[in-house]
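One structure is given here, and the rest of the page talks about it.
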Amino acid sequence: MRTFDLTPLYRSTVGFDRVFDLLDTMGKADTSGYPPYNIERIDENDYRITLAVAGFGEDELDMELHENTLTVTGNRSEPDDNRTFLHQGIAGRSFQRRFQLAEHVEVAGASLVNGLLNIDLRREIPESAKPRKISISGGEARNVKVLKDADAA
Numbered sequence: 001m002r003t004f005d006l007t008p009l010y011r012s013t014v015g016f017d018r019v020f021d022l023l024d025t026m027g028k029a030d031t032s033g034y035p036p037y038n039i040e041r042i043d044e045n046d047y048r049i050t051l052a053v054a055g056f057g058e059d060e061l062d063m064e065l066h067e068n069t070l071t072v073t074g075n076r077s078e079p080d081d082n083r084t085f086l087h088q089g090i091a092g093r094s095f096q097r098r099f100q101l102a103e104h105v106e107v108a109g110a111s112l113v114n115g116l117l118n119i120d121l122r123r124e125i126p127e128s129a130k131p132r133k134i135s136i137s138g139g140e141a142r143n144v145k146v147l148k149d150a151d152a153a
C-alpha cells in the first residue's frame with residue numbers, strides 16, 4: 001500500500017487536522033479481519049454496525065466513544081484448562097476494533113443477540129447546521145434607471 005507524506009499540507013492549512021488524521025489512520029487500518037463485521041444503512045440517518053462475537057458475553061465486551069472514534073473491545077475471561085479440543089474452529093481471542101464516525105453521528109444503543117453485537121447509530125444534525133431557506137424580499141428599486149428606446153441609442 002502507498003503511504004503519503006501529509007507534512008506539506010499541515011504547514012499550509014489551518015483547521016484540517018481531523019481530515020489529515022483520518023487519512024493517516026486509513027493507511028494504518030487493522031487488517032486482521034477479526035471479528036468480522038457488517039456496516040449497514042438503515043435509512044437516511046440511521047446506521048447499524050454488526051460484529052460477530054460468538055462466545056463473548058456482555059461482561060466481556062466494552063464500547064467507548066472518544067472524539068468520533070468508536071472502539072469495541074472484547075476481552076475473554078480465562079479459558080478452562082480442563083478442556084481438550086480435537087478441533088478448535090471458533091476464534092475466541094481478545095480483540096479491539098475501531099470505527100471512525102462522522103460528525104453528528106451518535107451511538108443510539110447496542111444489543112447482544114445470538115452472538116451478534118448490534119450497535120445502532122443515529123446522525124442528528126443540529127438545527128444550526130441544517131440547510132435553511134432564505135427569503136428574498138422584493139424591495140424598491142431606487143437606484144435602477146429604466147431607459148426608454150429613445151434614450152438607449
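Count the sequence shown with our numbering and you get residues 1 to 153, in order. Glycine included, each C-beta is placed from N, C-alpha and C at the ideal position. Predicted model only: the values in this text are computed from it and were never measured.
task = Quick one: residues in its chain with C-beta nearer than 6 Å to the C-beta of F56, no 5 flanking neighbours on either side, listed in chain order?
result = Along the sequence shown, one-based indexing puts residue 56 at 56. The residues are G74.
ask   = What first and last residue would you give for the beta strand (DSSP E) that runs through S111?
value = Position 111 of the sequence shown, counted from the first residue, corresponds to residue 111. Its beta strand (DSSP E) spans residues 105-113.
key: Own chain residues within Cβ distance below 7 Å of F92, not counting five before or after   = Looking up residue 92 in the sequence shown gives position 92. Note on residue identity: the sequence assigns Gly, not Phe, to residue 92. So the qualifying residues of the chain are G55, R76.
ask   = Thinking C-alpha only, which one of I136, L121, K148 is nearest D46?
value = Translated into positions along the sequence shown, residue 46 becomes position 46. Answer by Cα proximity: L121.
query = T71 and E64 look like a contact to me (Cβ under 8 Å); what is the Cβ gap, rounded to whole Å?
reply = Walking along the sequence shown from the start, residue 71 turns up at place 71. Walking along the sequence shown from the start, residue 64 turns up at place 64. Yes, T71 and E64 are in contact; Cβ-Cβ is about 5 Å, under 8 Å.
query = From which residue to which residue does the beta strand (DSSP E) around E64 run?
reply = Position 64 of the sequence shown holds residue 64. Here the beta strand (DSSP E) through E64 covers 61-66.
ask   = For T7, which of helix, strand or coil comes out of DSSP?
value = The count along the sequence shown starts at 1 and reaches residue 7 at position 7. In the structure shown, T7 sits in a helix (DSSP, three-state: H, G or I).
request  = Going by CA-CA distance only, name the one from E106, P36, Y37 that's closest to H66.
outcome  = On the sequence shown, position 66 is the one that residue 66 refers to. Measuring from the Cα of H66, the nearest candidate turns out to be E106.
According to DSSP, residues forming a beta bridge with D46 = As a working mapping, residue 46 is identified with position 46 in the sequence shown. Bridge partners of D46: R122.
request  = Look up E78 in the DSSP assignment and say whether it is helix, strand or coil.
outcome  = As a position in the sequence shown, residue 78 is number 78, starting the count at 1. E78 falls in the coil class under three-state DSSP.
key: Those residues which DSSP pairs with E40 across a bridge   = On the sequence shown, residue 40 is found 40 positions in, with the first residue counted as 1. Paired residue(s): R48.
request  = Name the two residues that bound the continuous beta strand (DSSP E) containing Q155.
outcome  = Residue 155 cannot be examined here, being either before or after the span of the chain that is shown, 1 to 153.
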